[in-house]
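Numbering (our numbering), first residue to last: 968 to 1140.
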């Protein structure tokens, strides 16, 4: 049994169609040295992959944590919750390391109130707006097995269907 996280010494990004991306994740029950190492190594991996966020299932770990750097500050997020969201929304093009080459506009709330634990175990509550709110929501979705393409309008989804079929056919799992 894994208490908090199984450390993955070699990371790779799991691609659309691989089951770990569509399954829900289990909560982290303890902040262990393995979890801290995983979080620490996800940061340069995310940056080297030219991403602004990276969720645990994207590297094959089905647990509720992610890292993000939306330009305001680096966050290592464990067991996140979205407590509330504002009524105002915006539409912005999104992409995903797990869906390479696909970019489409997604509508999301502009402001959210969140709660999570950081890497020291401290509970953090903060309001996020604009781009940091979008990145948090995108990564949070990963923890519930939701990808940004699941949020597309039917017409937009149809436009990327061939790309998604190709990616699912190339999966390595």
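Ideal Cβ positions, reconstructed from N, Cα and C, are used throughout, including at glycine.
Please read all numbers here as calculations on a predicted model, not as lab measurements.
Can you tell me whether residue i is buried or exposed, with buried defined as 16 or more other CB within 10 angstroms of its CB?
i            : result
residue 1018 : buried
residue 1137 : exposed
residue 1099 : buried
residue 1024 : buried
residue 979  : exposed
residue 1020 : buried
Give me the DSSP bridge partner(s) of residue i.
i            : result
residue 1083 : 1091
residue 1021 : 1034
residue 1073 : 1059
residue 1044 : 1033
residue 1078 : 1096
residue 993  : 1030
residue 1049 : 1081
For residue i, which residues from the same chain have a beta carbon less than 7 Å from its beta carbon, with the 5 sequence-adjacent residues on both sides left out?
i            : result
residue 1130 : 1068 and 1069
residue 1134 : 982, 983, 984 and 1066
residue 1096 : 1077 and 1078
Tell me which same chain residues have a C-beta within less than 6 Å of the C-beta of residue i, skipping the five on either side of it?
i            : result
residue 1051 : 1080
residue 1007 : none
residue 1128 : none
residue 989  : 1112
residue 1092 : 1082
residue 1088 : 998
residue 1094 : 1080
residue 993  : 1030
Does the distance from the CB of residue i to the CB of residue j come in under 9 Å?
i            : j            : result
residue 1047 : residue 987  : no
residue 995  : residue 1009 : no
residue 1022 : residue 1012 : no
residue 1107 : residue 1045 : no
residue 1061 : residue 1101 : yes
residue 930  : residue 1119 : Because the chain in this structure spans residues 968 to 1140, residue 930 falls outside the shown range and cannot be described.
residue 1063 : residue 1115 : yes
residue 1015 : residue 1043 : no
Taking 8 Å as the limit between beta carbons, can you name the residues of its chain near residue i, skipping five residues before and five after?
i            : result
residue 970  : Model confidence at residue 970 stands at a pLDDT of 42, short of 50, so the residue's coordinates are unreliable; what they give is reported in the following sentence. The answer, listed in chain order, is 996, 997 and 999.
residue 1071 : 1060, 1061, 1115, 1116, 1119, 1123, 1126 and 1127
Inter-stretch contact (C-beta, 8 Å, three-pair minimum) for the segment 1071-1085 and the segment 1054-1062: yes
Cβ contact check for the segment 1031-1043 and the segment 1119-1130: 3 or more pairs under 8 Å: no
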